[in-house]
Amino acid sequence: MKYIYYLLILSLSLIQCKKSEPKTGTIGNSDSISNSKNLNISILIDLSDRIDPEKYPNASMEYFQRDLEYIKTIKTGFIEHVKSKKVIQLNDQMQVFFNPEPSDGEINDFAKQLQVSFDKNTSRENINLVDEKYTMLPEKIYKSAISDKKYVGSDIWGFFKNKVKDYCIKDKHRNLLFILTDGYMFHKDSKFSEGNKTSYLTPELVKSMKLNTSEFKEKINDKGFGFIKASDHLDNLEVVVLGINPEKGNPFEGEVIKTYWENWLNEMDIHQYKIKEADLPTNLEVIIKNTILHK
2 MKYIYYLLIL
12 SLSLIQCKKS
22 EPKTGTIGNS
32 DSISNSKNLN
42 ISILIDLSDR
52 IDPEKYPNAS
62 MEYFQRDLEY
72 IKTIKTGFIE
82 HVKSKKVIQL
92 NDQMQVFFNP
102 EPSDGEINDF
112 AKQLQVSFDK
122 NTSRENINLV
132 DEKYTMLPEK
142 IYKSAISDKK
152 YVGSDIWGFF
162 KNKVKDYCIK
172 DKHRNLLFIL
182 TDGYMFHKDS
192 KFSEGNKTSY
202 LTPELVKSMK
212 LNTSEFKEKI
222 NDKGFGFIKA
232 SDHLDNLEVV
242 VLGINPEKGN
252 PFEGEVIKTY
262 WENWLNEMDI
272 HQYKIKEADL
282 PTNLEVIIKN
292 TILHK
């Protein structure tokens, strides 16, 4: 009887061990976590006349200089993330985009140099080189754009319509898109409307809609004002908009811009986003770095 009892215990133990054996060919939890730590950072720069220090001067700090400091902070956060990983785990990238591309070939060449990626073969020298590139080249881009004064606007709507899925979303990565813009949207090749929704937003349009009272949100909802949806199924993309700069005269202008963006991003299934005004870089540094480092 005891012999049968021991056999029974032994059989149950073997069954339990077999159940606990991992199945081959499946991705374990550690792999999923590792993949989620791969960063794919994109920076979309609005090179419209918003960066012109003559047209939009600011005594405390010019807007293009704020952009440059935002970019440096993004770069610093990205490098901190890379250095926190083992070399064998590296699978991270960062790049800069404009839409449309500037006619200045030199600016486009600088942007190509800012397309960087790290993998298990990356050396510490390459990491230091990225640090140098993102410190020097963005300033050259802005100064070149300001000096030639050929501001063609920024087709942010067209970028989301035609490029964001291909350029900014990578499988098995955490995809972060930083957009440096004043919040207004306009480009002559992407200017149209569908009912009360538009592909653009300008100070003149806000004035025409009379969104200058505390009931602006109710009016936006009742009238169906907003951006036309440019894409969908972008739930694998996080967006951070930096530099919102409403025109003076309407105390609710900034909130109108944010509401337009919030509604638009939600319609495109983007649920993780931050929208920040053109504050001094020191005030936004912690927010930018914590976003990148997932704190």
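In my numbering, the protein residues as written are 2 to 296.
Just so it is clear, CB atoms sit at the ideal spot from N, CA and C, and this is done for glycine as well.
Note the first and the last residue of the continuous alpha helix (DSSP H) segment covering residue i.
i      : result
Ile108 : 106 to 114
Lys121 : Note, Lys121: premise wrong, no alpha helix (DSSP H); not H, not E.
Lys162 : 157 to 163
Ala146 : 125 to 149
Thr260 : 254 to 268
Ile289 : 282 to 293
Glu332 : Absent from the model: residue 332. The displayed extent of the chain is 2 to 296, so no value can be given.
Among the residues of its own chain, which have a CB less than 8 Å from the CB of residue i, if the five just before and after it don't count?
i      : result
Ala279 : Tyr64, Arg67, Asp183, Leu243, Gly244, Ile245, Asn246
Grab the span of the beta strand (DSSP E) containing residue i for me, first residue to last.
i      : result
Leu45  : 40 to 46
Val240 : 238 to 245
Gln96  : 93 to 98
Leu177 : 175 to 181
Ile276 : 274 to 278
Residue i to residue j, Cα distance in whole Å?
i      : j      : result
Glu107 : Ile46  : 16 Å
Met269 : Val257 : 19 Å
Ser104 : Tyr261 : 30 Å
Val131 : Met186 : 31 Å
Asp223 : Ile229 : 16 Å
Lys150 : Leu235 : 34 Å
Met101 : Gly159 : Looking at the sequence shown, residue 101 is not Met but Pro. If you take the alpha carbons of Pro101 and Gly159, they lie about 9 Å apart.
Lys192 : Ser200 : 6 Å
Ser118 : Thr292 : 20 Å
Asp110 : Leu266 : 31 Å
Ile276 : Glu254 : 14 Å
Taking 8 Å as the threshold (beta carbon to beta carbon), is residue i in contact with chain D?
i      : result
Leu238 : In the structure shown, chain D cannot be found, because there is only a single protein chain.
Less than 6 Å between C-beta atoms, sequence neighbours within five positions excluded: which residues of the same chain meet that for residue i?
i      : result
Leu177 : Ile42, Glu239
Asp50  : Lys56, Tyr152
Per DSSP, residue i is paired with what?
i      : result
Gly227 : Lys198
Met186 : Leu202
What does a CB cutoff of less than 7 Å around residue i pick up in its chain, not counting 5 residues either side in sequence?
i      : result
Asp120 : Leu91, Asn92
Lys162 : Ala231, Ser232
Lys166 : Ser232
Am I right that residue i and residue j are in contact with their C-beta atoms under 8 Å? What's the rounded C-beta distance?
i     : j      : result
Leu48 : Ser155 : 6 Å
Regarding residue i and the ligand NAP, is the C-beta to nearest heavy atom distance less than 7 Å?
i     : result
Ile72 : The ligand NAP is absent from the structure shown, which contains no ligand whatsoever.
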